[in-house]
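A.B. asks:
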Amino acid sequence: MMLTEQQKEHLTNIVVTAALCLREQNMTSGNAYFLRDLGEKLDSSTRPPRALVFDAELMKAQEVVA
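Numbering (the working numbering), first residue to last: 829 to 894.
#1: Do the segment 857-871 and the segment 833-843 meet, that is, are 3 or more Cβ pairs less than 8 Å apart?
#2: Which value, in whole angstroms, describes the spacing of the CA atoms of Q890 and R851?
#3: For the candidate residues Y861, E885 and E833, whose alpha-carbon lies nearest to that of A846?
#4: Using the three-state DSSP reduction, which class does R875 fall into: helix, strand or coil?
#5: What is the residue span of the alpha helix (DSSP H) that T832 lies within?
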């Protein structure tokens, strides 16, 4: 899978920040939020779009379970 420049930048920031936190053994809440936000951006930009059919089937299954 080819990453865009922005995706590469996000991934690099995640790896560098995580490595620094591990080396310093210091994870601040700011670093944690930064990693989470970048991870979510990277995840949403690389995940294929959901099919509408799947969403409809999921809603039906949730109604049956409820």
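Using N, Cα and C, we set each Cβ at its ideal position, and we do this for glycine too.
C.D. replies: Reading from the atomic positions:
#1: yes
#2: Position 62 of the sequence shown, counting from 1, holds the residue named residue 890. Position 23 of the sequence shown, counting from 1, holds the residue named residue 851. Distance between the alpha carbons of Q890 and R851: 44 Å.
#3: Locating residue 846 in the sequence shown gives position 18, where the first residue counts as 1. The shortest C-alpha separation from A846 is found at Y861.
#4: Numbered from its first residue, the sequence shown carries residue 875 at position 47. Reduced to three states, the DSSP call for R875 is coil.
#5: On the sequence shown, position 4 is the one that residue 832 refers to. T832 -> no alpha helix (DSSP H), and no H or E assigned at all.
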